[in-house]
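Peer 1: Residue numbers (the numbering used here), protein chains in the order written: chain A, 221 to 596; chain B, 80 to 457.
The beta carbon of each residue, even a glycine, is placed where N, CA and C say it ideally should be.
This one's a predicted model, so the numbers in the text were calculated from it and none came from an experiment.
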Amino acid sequence: MQTAWLLGLIGFAGSCGAAPYRPTDPDLELAHGLSPYRATLASGASSRSAALAEAQSLTSEGRRRADVRAFAYAERVLAPFMAHIETDPEVALVSADIHQYRHDFNGAAKILDAVLQRQPQNDSARLMRAEIRLAQGRGRDALRDCLGLIGRQSPWIWSACAAQAYAINGRLPAAQRLLATTLQGAEIAGPRGAWAAGIMADLAAQAGDWAGSETWLTRAVAANPDDHVAAVELLDLWIASGRTRQALEMLRDRPVSDAYLIRRAEALASVDPAQSRLVVADLSRRFAEADALGDRTHLRERAMFELRFGDPKAALAHARENFQTQRELVDARLVLQAAATLRDKSGATEVVAWLRDTHTDDARLAPELRELGIKS
Amino acid sequence: MSGSGRRLFRRVLGAFAVLWVLGCTVSQAHDTSRSYLSVDAAQRDGHMTARWEVAVIDLAVALPLDSNNDSRVVWGEVLAQEGAIESLVRSNVQFYDSAGPCSVDSHPLLVDSHGEQMYIVAPLTLVCNGEPGTLGVDYAFLRDIDGSHRMLVRMNDGPSARTLVVAPGVPREIGAAHASTVREFFRYLAEGAHHIWIGYDHLAFLLALLLPAVLLRGGDSWHPIPSLRKAILETLKIVSAFTISHSITLGLAALGILRPPPVLIEVAIALSVAAAASFNLLRRWNLPGAWLAFGFGFIHGFGFANALADLGLGRGDIVVPLLGFNLGVELGQLVVVAAALPVLFILRARPAYTKYWLPSASSAIVVLGLYWAVVRWP
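1. Could you tell me which chain B residues have their CB closer than 8 angstroms to the CB of Arg590/A, listed as they occur along the chain?
2. Whole-angstrom Cβ separation of Ala384/B and Ala332/B, contact assumed at under 8 angstroms?
3. 7 angstroms is my cut-off, CB to CB: does Pro587/A come that close to chain B?
4. Examine the Cβ distances between the region 503–522 of chain A and the region 217–235 of chain B and report whether three or more of them are shorter than 8 angstroms.
5. In terms of residues, what are the limits of the beta strand (DSSP E) holding Ser112/B?
6. Can you tell me whether Thr401/A is buried or exposed? The criterion is at least 16 other CB atoms within 10 Å of its CB, across all chains shown.
7. Alpha carbons only, please: which of Glu210/B, Leu243/B, Ser166/B and Ile425/B is nearest the one belonging to Phe220/B?
8. Determine whether the Cβ of Val140/B lies closer than 7 angstroms to any Cβ atom of chain A.
9. With a cut-off of 8 angstroms on the beta carbons, I'd call Gly403/B and Glu263/B a contact; round off their distance for me.
10. Near Gln222/A, which residues of its chain fall below 8 angstroms by C-beta distance, leaving aside the five closest residues on each side in sequence?
11. Using the three-state DSSP reduction, which class does Ile199/B fall into: helix, strand or coil?
12. Please tell me whether Val335/A and Ala312/A are closer than 7 angstroms, where the distance is taken between their beta carbons.
13. To the nearest angstrom, how far is the alpha carbon of Val105/B from that of Arg322/A?
14. Tyr175/B bridges to which residues according to DSSP?
15. Under 7 angstroms between C-beta atoms, does Ala512/A make it to chain B?
16. Whose C-beta lies closer than 7 angstroms to the C-beta of Cys181/B among residues of the same chain, with five residues either side of it excluded?
17. Considering only residues of the same chain and omitting the five flanking positions on each side of Ala287/B, which have a CB-CB separation below 7 angstroms?
18. Mind checking whether Ser177/B and Gly209/B have CB atoms under 7 angstroms apart?
19. Rounded to the nearest angstrom, how far is the Cβ of Pro475/A from that of Arg285/A, given a contact under 8 angstroms?
20. Helix, strand or coil for Pro375/A per DSSP?
21. For Arg151/B, decide whether its Cβ has a neighbour in chain A, counting only Cβ atoms nearer than 7 angstroms.
22. In the DSSP assignment, what are the bridge partners of Pro303/B?
23. Just how far apart, CA to CA, sit Ala583/A and Asp551/A?
24. Which residue comes first and which comes last in the alpha helix (DSSP H) that contains Met348/A?
25. Could you say which of Thr128/B, Ala120/B, Glu195/B and Trp301/B lies nearest to Ala428/B if we only look at CA atoms?
26. Give me whichever residues DSSP pairs with Glu306/A in a beta bridge.
27. In whole angstroms, what is the alpha-carbon distance linking Gly371/A and Gln404/A?
28. Between the C-alpha atoms of Gln466/A and Leu488/A, what's the straight-line distance to the nearest angstrom?
29. If you measure from the beta carbon of Glu270/B to each beta carbon in chain A, is any gap under 7 angstroms?
30. Can you list, in chain order, the residues of its chain whose CB lies under 8 angstroms from that of Leu468/A, leaving out five sequence neighbours each side?
31. How should Arg242/A be labelled, buried or exposed, when 16 other C-beta atoms within 10 angstroms of its C-beta is the threshold for buried?
32. So is Met230/B in contact with chain C if we call contact Cβ pairs under 7 angstroms?
33. What do you get for Ile419/A, buried or exposed, if any count of 16 or more other CB atoms within 10 angstroms of its CB means buried?
34. Which value, in whole angstroms, describes the spacing of the CA atoms of His257/B and Arg349/A?
35. Counting only C-beta atoms, is Val555/A closer than 7 angstroms to chain B at any point?
36. Note down the Cα distance separating Ala369/B from Ala292/A, rounded to an integer number of angstroms.
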């Protein structure tokens, strides 16, 4: 039964559309926007510093393209130097970055703990650990690290970091004030500006200020079109308010990823249902293959997909499993949405306990909490 | 709406400054790299047909496909590299069976799409001279470049078809169902036994339960069990209870019905080790070892499931691996029991056993269990 299900979905040729063919047009495009990985890898780093630079370049490019392959290449490039990870903080940082990108947050945090034990002044490690703790919903731990950056890094860095931590520590107004003060009159440009603007947008949405959130998201995407987090948030806003054509325009030339495909399927649902069904079928294939490969890093998108196009029971199961690893507000919301759809209050227990423990308030969660009869 | 996680990464800028550039989560990433192999194992005139499909973007990392460096790959560029691609296929997707390497004929390349990604398809004809059902593949594509690359294999074997996951650098039997099922079973049997022997926490747990299995509790004190037969019976009860409960949770987790977070299970296993040993120290408690084994076995079953998942088990073809792995676990623990029980039985009659050895060994296991719980805590 399991095998049949899997075989039906996994994308072997002939199982999902047209049969393989031999093109007649030599100009037929098979891939575009090709990454420079081959050139980077072909340079063949022989020394530690060359390998480090190569690995950093790969993770940077991979992050820009939202391409996990680059992180695997970087891992291989660094492999000969991993034996010295305990005494080489630079190698350790790239390694931690690879771990966290693959959602191995504990593995990444362990590496960073070791770095900070040897070098308490390593701000890079401290900020990365703070971000990991934020992803894990450990606001208090994150805040300690964020505050440790005061006076050592620019106010943009520590205030953006601390604002996120305050926001999941029951101090949303303080978070907004802190970051707004820092950004007042500043130019929002480049990845750093987009990062801070994206956080402002999140804080605004958390407070229920949708218009403010959209303004900040627009600024974030303008400052850095490769800020995929902000882009996806903006798409969600547009789709929710019926601006599907605007969303589809933005989705053109975005990387092929679960997050973007889900938004594409949603946006197409009203304008081209047949095309939307094809995208849904592709997502089903991708998730079936992830299952076959034992890949559990897609749980957030899996839950989102099931909630919007599939089975709410599966959505709740995936959302709850995801919440064990990732505890951002979007992850909490997914659990609540699935539980509310199923009218299953017990399914939301963990999230509710986490919200109470952290005193987190979020306007986006209020409708589901109300539906479940839970006082926020 | 997507969340607030905006993980960062670092670039060195000058001698002192760090520039933080925002990133995005892996959940927005491309899929991990994968290729597809489908094999039609039904032989015709001693031939089998197969088809290997590789993503153009992966092939472009291994070969200089983009000859004009315009960041695009067109069919004409693939045609120019057709010979090199065929050589790459020959050296990276090698077939063998019980008679040795199979000969492989390649045919003109084709293209196909998986979702929005284009793949190059290499149709192959295999000639293998060994026993039917012994086909294996030695896969090496991207072995030295991408550690997460995998090949998804579909075996069409007459009326049945199944999927397998193959990692580069690990030769894998993919042959016909009946023959490979037996091999697959023994492979997982060995993995199960191996997991027990290298799983110090499971061993410590078993030892904590076995230490008093050669004793009888009379009021506040221990007495040696009178016969070996009774000691074996007591041990069998413990092992059977442990087996029943861990098999239930192992099955539930492997089938995807119940899957608690691995990190919590690891901590719970460590605490179960400490708890099981601490019962040996509490004089007033007289809880039979079989009940302890039964109760805590549920937790250990989830741990076994995590180990099984680490072997790359997907959602397909689960019965044989599950059965093999579980029996391997039983076999592994029986070997441990068979080695430990005679020694404990001989030692049990010595006054020092109940006075010093049982409490000190139990205390050490309690400490060890608590230590594991602390270091495993996220």
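Peer 2: This is what the structure holds:
1. When 8 angstroms is used as the limit between beta carbons, Arg590/A is near no residue of chain B, the shortest such separation being about 18 angstroms.
2. So it is a contact: roughly 3 angstroms between Cβ atoms.
3. Output row for Pro587/A: interface = no.
4. Result yes; three or more Cβ-Cβ pairs closer than 8 angstroms.
5. Note, Ser112/B: premise wrong, no beta strand (DSSP E); not H, not E.
6. Under this definition Thr401/A is an exposed residue.
7. Of Glu210/B, Leu243/B, Ser166/B and Ile425/B, the residue nearest in Cα terms is Ser166/B.
8. Yes, its Cβ sits closer than 7 angstroms to a Cβ of chain A.
9. With a Cβ gap of about 7 angstroms, Gly403/B and Glu263/B count as contacting.
10. Because Gln222/A carries a pLDDT of 39, less than 50, the predicted location of this residue cannot be relied on, and no value is offered for it.
11. Ile199/B sits in a strand when the DSSP states are folded into three classes.
12. Yes, Cβ-Cβ distance for Val335/A and Ala312/A is below 7 angstroms.
13. At Val105/B the pLDDT is 31, less than 50, meaning the model places this residue with poor confidence and gives no usable figure here.
14. According to DSSP, which records beta bridges pairwise, Tyr175/B is partnered with Pro180/B and Gly215/B.
15. At least one C-beta of chain B is nearer than 7 angstroms to the C-beta of Ala512/A.
16. Closer than 7 angstroms at Cβ, skipping near neighbours: Phe174, Tyr175, Leu205, Val206 and Cys207.
17. So the list reads Val352, Ala355, Ala356, Asn359, Ser441 and Ile444, once near-sequence residues are dropped.
18. Inclusion of Ser177/B and Gly209/B in the CB contact set at 7 angstroms is warranted, their separation being smaller than that value.
19. About 6 angstroms separates the CB atoms of Pro475/A and Arg285/A; that is less than 8 angstroms, so the two are in contact.
20. Three-state result, Pro375/A: helix.
21. Closer than 7 angstroms to some Cβ of chain A, the Cβ of Arg151/B qualifies, so yes.
22. Per DSSP, Leu294/B.
23. One Cα belongs to Ala583/A, the other to Asp551/A, and the distance between them is close to 15 angstroms.
24. Going by DSSP, Met348/A is part of the alpha helix (DSSP H) stretching over Asp343 to Ala355.
25. A check of alpha carbon separations from Ala428/B across Thr128/B, Ala120/B, Glu195/B and Trp301/B identifies Trp301/B as the nearest.
26. DSSP links Glu306/A through a beta bridge to no other residue.
27. So the two alpha carbons sit approximately 19 angstroms from each other.
28. Our two residues, Gln466/A and Leu488/A, have alpha carbons roughly 11 angstroms apart in a direct line.
29. Not one chain A Cβ lies under 7 angstroms of Glu270/B.
30. Taken in chain order, the residues that qualify are Arg484, Ala487, Leu488 and Val491.
31. Exposed, since its Cβ has fewer than 16 Cβ neighbours within 10 Å.
32. You won't find chain C in this structure, because its protein chains are A and B.
33. Looking at its Cβ environment, which holds 16 or more other Cβ atoms inside 10 Å, Ile419/A is buried.
34. Low per-residue confidence applies at His257/B: pLDDT is 46, beneath 50, and the placement is therefore not dependable enough to give any value.
35. Not one chain B Cβ lies under 7 angstroms of Val555/A.
36. Those two C-alpha atoms are separated by around 46 angstroms.
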